[in-house]
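Asker:
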Amino acid sequence: MNWTYIVRPGELLAFRRCRRAWDLEAHARQAYAPRRKAPGSDFDRALHEGLAVYYFPAMGDWKRSIVRPLAIKGFERRMLQAGEGPGPGAGRLPGGGAGNGASAEAGLEAGRSLLTRYFAWAEKLDDFDSLLVDHDVWAAIPDPRRPQEDLGTPDSRPIRYLGRIDQLMSSPDDEFWTVSHRLVEGGWTSDDALLDDQVALADSWALQIDFPQVLVAGTVVNELRTDWALEAMEAPVLDDDDWDMSGARHLNFRRSPISPEARLAFQDAAEAAEMGNIERREEEGGFRRTVIRRSQAALARAGAQVGADVLEMQGSELSVSPTFSDQHCPSCLFKGPCDAMEAGGDWRALLERDYFRRDEDWEEMSLRRPPGSLGRRASLTGKTVNLRWG
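Residue numbers for the sequence shown, in the numbering used here: 8 to 397.
1. Say whether the segment 8-23 touches the segment 163-170, bearing in mind that this needs 3 or more beta-carbon pairs closer than 8 Å, one atom from each stretch.
2. Going straight from the alpha carbon of proline 149 to that of leucine 306, what length do you get?
3. Taking only the alpha-carbon atoms, compute the straight-line gap between arginine 124 and leucine 318 and give it to the nearest angstrom.
4. Report yes or no: do three or more beta-carbon pairs, one from the segment 312-326 and one from the segment 223-237, lie closer than 8 Å?
5. Our contact map puts glycine 57 next to leucine 122 with C-beta atoms below 8 Å; I'd like the distance itself, whole angstroms only.
6. What is the rounded straight-line gap between the Cα of arginine 23 and the Cα of arginine 360?
7. Mapping the DSSP letters down to three states, classify glycine 159 as helix, strand or coil.
8. Compute the Euclidean distance between the alpha carbons of leucine 340 and alanine 28, then round it to the nearest angstrom.
9. Between which two residues does the alpha helix (DSSP H) containing glutamate 324 stretch?
10. Could you check whether the segment 206-224 touches the segment 131-147, counting it as contact only if at least three pairs of C-beta atoms, one from each stretch, sit closer than 8 Å?
11. When the Cα atoms are used, what is the spatial distance from glutamate 192 to glutamate 289?
12. Would DSSP call isoleucine 148 helix, strand or coil?
13. For the pair the segment 124-139 and the segment 165-179, tell me if three or more CB-CB distances fall below 8 Å.
14. Between tryptophan 128 and the rest of its own chain, which residues show a CB-CB distance below 8 Å, the 5 nearest in sequence each way excluded?
15. Determine the closest residue to valine 140 out of His188, Ala350 and Arg36, with distance taken between C-alpha atoms.
16. Helix, strand or coil for leucine 122? Go by DSSP, reduced to three states.
17. Taking Cβ to Cβ, would you say arginine 85 is nearer than 7 Å to alanine 53?
18. Can you tell me where the alpha helix (DSSP H) with valine 60 in it begins and where it stops?
19. Which value, in whole angstroms, describes the spacing of the CA atoms of arginine 43 and valine 221?
20. Using a 10 Å radius around the Cβ and a threshold of 16 neighbouring Cβ atoms, would you call leucine 202 buried or exposed?
Below you can see the structure in the form of structure tokens.
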């Protein structure tokens, strides 16, 4: 048994969307996962790997002509590792193609082209310092009933939110921004979906718990069109330039107040009432960058919703009845078993055939954090207590 009860953003979204799907998938419930990977999943991860290399903080002062090939290599390495993995879903490409033979090489060429074109486009816009890339956010969850304490399980285990941010950057105006790299196909994400991105809000909230000196100003969303990459295979030739990402190094004076209450008081009522607003946007070809400013109140509400959801998950009378919707049902990972349940069929046979159950050893060892990790600590009595703000 893991010493910590881990709650992930995907599980929270599933809990809010459909309790039946959440019950089947959540690690702390039935823990089923499809045997086949989702189309494009490896391509998505590989492109994120390349972007993480490109924006790696330690290479911020390097010439981009040196960093670009390293980023491409990072993408290729991840794609090749996926192609060597087990199962029929290994090496999936955007558009649903299987990553075997000529298709795998087409995926590599598409990724190289997309990244090279992105680098040429981003060089005109990147005027920030990269502080973190591909970073886990590991945060205690305040108890909604007793805000000065943290949630724990009935068997005295601490509960932690485990999210992930693609990047944390500092702008020339000394503001901290989280960055989300999104691969899209067939069109851009709607403004409403960007503003109501609950994962981005919760991850930013958790980051401020991990790093109390950070006051997150908002989220920068980089969208990359994968369908555009497949149509435009020829990548531009970039010069061996002397440009790098290093700017004027100076002290950041916009650090967070010491307590969450002071953070909320930091803004006026009009700003606090907003969920977020699109401050500016850059778009060219298959790339779009949207800067969304968030209020501290919006981040606080996201954290409060995480606490309320986790508290409800622990309820002894919790119902796991389904919520049907034309929006999420067609793409649900558990549509087959759910349809069988509704029809009175053998849904367990479908689960055994098309899914596998993850055991505790399936978790990455990096998730098993020691009690001395960042964030608020759990007491030895099993009752989690907030030691930072007291």
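For each residue, glycine too, the CB sits at the ideal point set by N, CA and C.
Just so we're clear, the structure is a prediction, and the values are computed from it rather than from any experiment.
Answerer: Taking the definition as stated:
1. As far as the Cβ criterion goes, the segment 8-23 touches the segment 163-170, which means the pair count is three or higher.
2. Rounded to whole angstroms, proline 149 to leucine 306 spans 13 Å at the Cα level.
3. About 46 Å.
4. Contact between the segment 312-326 and the segment 223-237 is absent: fewer than three C-beta pairs spanning the two stretches fall below 8 Å.
5. For a cut-off of 8 Å, the C-beta gap from glycine 57 to leucine 122 is around 5 Å, short enough to register as a contact.
6. Spanning the two alpha carbons is a distance of roughly 27 Å.
7. Shown here, glycine 159 sits in a strand according to DSSP, grouped into three states.
8. If you draw a straight line from the Cα of leucine 340 to the Cα of alanine 28, it is about 8 Å long.
9. Segment: none, glutamate 324 is in no alpha helix (DSSP H) and carries neither H nor E.
10. Using a Cβ-Cβ distance cut-off of 8 Å, the segment 206-224 and the segment 131-147 are in contact, since at least three pairs of beta carbons, one from each stretch, lie closer than that value.
11. CA-to-CA, the gap between glutamate 192 and glutamate 289 works out to about 18 Å.
12. Look at isoleucine 148 here: in three-state DSSP terms it is coil, with no helix or strand label.
13. The segment 124-139 makes contact with the segment 165-179; the number of CB pairs closer than 8 Å reaches 3 or more.
14. Glu291, Gly292 and Phe294.
15. It is His188 whose Cα lies nearest to the Cα of valine 140.
16. Leucine 122: helix per DSSP, three-state reduction.
17. Yes.
18. Per DSSP, valine 60 belongs to the alpha helix (DSSP H) from 48-61.
19. Their backbone Cα atoms lie some 39 Å apart in a straight line.
20. Under a 10 Å Cβ-count criterion, leucine 202 is classified as buried, with 16 or more other Cβ atoms of the shown protein chains found around its own Cβ.
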